[in-house]
Amino acid sequence: MGKIVSAAAMSHTFGVPDADPDASARVAAGMLEIGRRVRKENPNILLVISSDHLTNFNLDFQIPFALGTADDFIPLGDLGASRVKYPGNRDFSTELLQYAADNGFDLVGVENVNPDHGISVPNEMINQDADIALVPLYINTVMHPTPTCARSFELGKVIRNFISTRPADERVAIIATGGLSHWICLPESGRVNELWDEEIMSLIESGRGKEIVNWTPGRILIEGGNGGLEIATWACMAGALDGSTGERIFYEPMHSWWTGMGGLVMNTKSN
Amino acid sequence: MNNINLKKRPPVELHRLISSTVRNPDICQRLRDDPAAVYKEYSLPDSHSSLLLNNPAEALKVLQVHANLQFKFLAALGLLNLKPASIQPYLKGSRNGKNC
Chain A
0 MGKIVSAAAM SHTFGVPDAD PDASARVAAG MLEIGRRVRK ENPNILLVIS SDHLTNFNLD
60 FQIPFALGTA DDFIPLGDLG ASRVKYPGNR DFSTELLQYA ADNGFDLVGV ENVNPDHGIS
120 VPNEMINQDA DIALVPLYIN TVMHPTPTCA RSFELGKVIR NFISTRPADE RVAIIATGGL
180 SHWICLPESG RVNELWDEEI MSLIESGRGK EIVNWTPGRI LIEGGNGGLE IATWACMAGA
240 LDGSTGERIF YEPMHSWWTG MGGLVMNTKS N
Chain B
0 MNNINLKKRP PVELHRLISS TVRNPDICQR LRDDPAAVYK EYSLPDSHSS LLLNNPAEAL
60 KVLQVHANLQ FKFLAALGLL NLKPASIQPY LKGSRNGKNC
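Respectively, the protein sequence lines represent chains A and B. Under numbering that gives the first Met the number 0, the first residue of the first sequence is numbered 0, with each subsequent residue one higher. Under numbering that gives the first Met the number 0, the first residue of the second sequence is numbered 0, with each subsequent residue one higher.
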């Protein structure tokens with residue numbers, strides 16, 4: 000059977016370091032440390048879960064869940080992400096589409112996407128040599144109604160079960176990206192709710208990731224902002240790693256970037 | 000999204016225009032050079048064009064443009080408060096397994 004050899008969650012944006020160079024450096028170091036730890040487990044598939052920021056999808060066609068099925072992916076290039084070709088894994092992704100359909104999730108297969116920073120920044124922090132197959136999974140947290148954390152958690156469980164059906168040589172790393180609290184183009188832009196960020200990270204760290212399902216979109220909008228809806232991806236990862244504990248790698252309240260930046264890795268050995 | 004009244008018709012024409020800027024830098028330049036022509040090309044209602052020509056940032060709020068698209072539109076016009084950033088300076092020295 001295939002195996003989840005590594006899992007992590009991290010914010011996926013980046014800002015200029017002018018306002019706080021030290022904090023910016025700590026964020027980058029934290030992201031790279033997560034990358035080092037993920038690579039140490041020798042994954043050959045990187046399932047990166049993010050929202051698309053209306054760069055590949057648009058408001059004319061709103062898709063709740065989508066999975067990249069292409070042979071390779073070239074990032075859009077925003078936030079300086081390298082526009083190099085990352086291999087995909089068509090067998091894994093098309094089989095996951097079918098398995099999910101058989102188990103209550105109608106994922107949309109997408110063939111022609113250029114992943115934006117939601118996928119490409121964490122991917123490049125981990126997969127700098129483009130030698131791990133990238134499979135992007137999109138949870139559309141910018142549409143309305145947005146997929147809930149509860150639904151995303153359930154999708155994570157389906158992914159976990161799917162990986163258990165896969166060949167033994169498949170070593171999968173699951174990376175949730177997005178969050179933490181941020182308010183995009185709203186009067187509150189620049190606010191960071193450190194208490195909420197702490198709660199979300201603590202839930203995952205302590206093995207209580209399932210409790211994220213109690214964070215409905217309405218409650219998240221109040222405490223975490225419209226950008227905080229991205230923690231549905233963390234819920235998905237938590238569903239795949241249900242019961243596992245994690246270790247916090249970094250957290251910085253980056254007001255000048257309009258967001259709380261955090262990252263952690265999961266203890267997959269106990270999974 | 001919490002800035003949207005779901006009972007109100009969304010500004011779909013403007014949404015399409017902003018989405019078009021993502022992969023077409025030429026539109027961004029034309030928006031700066033001759034916004035009225037671009038608004039006409041994308042069939043924006045006259046009332047929307049007027050608001051945008053008068054005060055783009057305020058118009059986005061009045062028209063209840065999707066937050067992520069507000070971000071892109073302000074960036075296209077050079078009005079966004081956040082400066083463009085890049086991860087590349089932080090990746091130097093960590094390629095080819097040097098950081099692994």
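Idealized CB from N, CA, C, for every residue including glycine.
| Item | Value |
| --- | --- |
| At least 3 beta-carbon pairs within less than 8 Å: the segment 232 to 245 of chain A vs the segment 197 to 204 of chain A | yes |
| Buried versus exposed, by CB contacts within 10 Å (16 or more), Phe-60 (chain A) | exposed |
| Same chain, Cβ closer than 6 Å to Ser-23 (chain A), neighbours up to 5 away in sequence not counted | Pro-16 |
| Where Asn-240 (chain A) falls: helix, strand or coil (DSSP) | This sequence places Leu at residue 240 (chain A); Asn is not what is there. In this structure, Leu-240 (chain A) counts as coil in the three-state DSSP scheme. |
| Any C-beta of chain A under 7 Å from that of Asn-67 (chain B) | yes |
| Through-space distance from Asp-45 (chain B) to Pro-42 (chain A), alpha-carbon basis | 54 Å |
| Close beta carbons around Ala-58 (chain B), own chain, < 7 Å, minus the five adjacent residues each side | Leu-50 and Leu-51 |
| Limits of the unbroken beta strand (DSSP E) element including Ala-7 (chain A) | 2 to 9 |
| Of the listed residues A:Trp-214, A:Gly-34 and A:Asn-192, nearest to Met-253 (chain A) (C-alpha basis) | A:Asn-192 |
| Burial state of Leu-136 (chain A) (16 or more Cβ within 10 Å) | buried |
| Ala-172 (chain A), enclosing alpha helix (DSSP H) - first and last residue | That residue, Ala-172 (chain A), is in no alpha helix (DSSP H); its beta strand (DSSP E) goes 170 to 176. |
| Residues that Phe-152 (chain A) bridges to, as DSSP identifies them | Paired residues: none, contrary to the question. |
| One or two residues paired with Asn-57 (chain A) in a DSSP bridge | A:Phe-60 |
| Beta carbon of Leu-263 (chain A) nearer than 7 Å to that of Ala-8 (chain A) | yes |
| 7 Å Cβ cutoff, Leu-58 (chain A) in contact with chain B | yes |
| Proximal residues of chain A, C-beta to C-beta of Ser-49 (chain B) below 7 Å | Going along chain A, no residue has its Cβ under 7 Å from Ser-49 (chain B), so there is no contact; the nearest lies around 21 Å. |
| Rounded separation between Asn-76 (chain B) and Thr-54 (chain A) - CA only | Looking at the sequence shown, residue 76 (chain B) is not Asn but Leu. Cα to Cα, the separation comes out at about 17 Å. |
| Unbroken beta strand (DSSP E) run spanning Gly-117 (chain A), endpoints | Gly-117 (chain A) -> not in any beta strand (DSSP E); alpha helix (DSSP H) instead, spanning 116 to 125. |
| Exposed unless 16 or more other CB atoms sit within 10 angstroms - verdict on Lys-97 (chain B) | Bear in mind that a pLDDT of 45 at Lys-97 (chain B), under 50, signals an unreliable position, so the number given afterwards is only what the model happens to contain. The residue is exposed, with fewer than 16 neighbouring Cβ atoms inside 10 Å. |
| Per DSSP, the bridge partner or partners of Arg-247 (chain A) | A:Leu-263 |
| Partners in chain B for His-181 (chain A), counting only beta-carbon separations shorter than 7 Å | Those do not exist, as His-181 (chain A) stays about 10 Å from chain B at its closest Cβ, beyond 7 Å. |
| Cutoff 7 Å: Thr-267 (chain A) Cβ touching any chain B Cβ | no |
| Burial state of Gln-69 (chain B), where buried means 16 or more other Cβ atoms lie within 10 Å | buried |
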